[in-house]
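Inspection log for the structure reproduced underneath, given as structure tokens.
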Amino acid sequence: ALSSRETMLVVDFIGNLLATRIGKNPGAAKGMLLLAVQNWQEMSGKVAINFLDFKAVISTELKSRLAGAGVLGPEKVVEDLLAEITRNQYMIMMMIV
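The numbering of the sequence shown is the working numbering, which starts it at 13 and goes up by one.
Structure representation (structure tokens):
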């Protein structure tokens with residue numbers, strides 16, 4: 013599981029990717045992702061999350077929030093985001109170790 017600091021580093025990285033895909037500022041995208049993580053933690057009962065959990069958050073909570081915020085094509089945004097973080101998984105893990 014990731015520490016709080018590591019979780020925030022991953023939120024920062026993924027939030028920047030998300031911002032470019034939805035045309036919002038990085039702060040807003042990171043905030044949306046962080047709220048999705050927190051909601052997922054509450055629903056799953058997990059305090060700490062891992063990289064696979066981030067994928068679950070993106071596929072469920074974030075996708076729902078994107079749709080609720082009126083983002084066009086939330087399914088495609090999520091698909092692209094998951095592909096990007098899978099492609100960069102090694103870099104993300106190196107960043108947090």
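Backbone N, C-alpha and C fix where the C-beta goes; we use that ideal spot for every residue, glycine too.
Taking the C-beta atoms as reference points, residue 77 is found nearer than 7 Å to residue 48. The three-state reading of DSSP puts residue 61 in coil, since its state is none of H, G, I, E or B. Positions of the beta strand (DSSP E) runs, each at least 3 residues long and wholly inside the stretch 21 to 96, cannot be given because no such run exists.
Judged by DSSP in its simplified three-state form, residue 16 adopts helix. C-alpha of residue 68 to C-alpha of residue 35: approximately 23 Å in a straight line. Looking at the backbone, the Cα of residue 29 and that of residue 55 are separated by about 25 Å.
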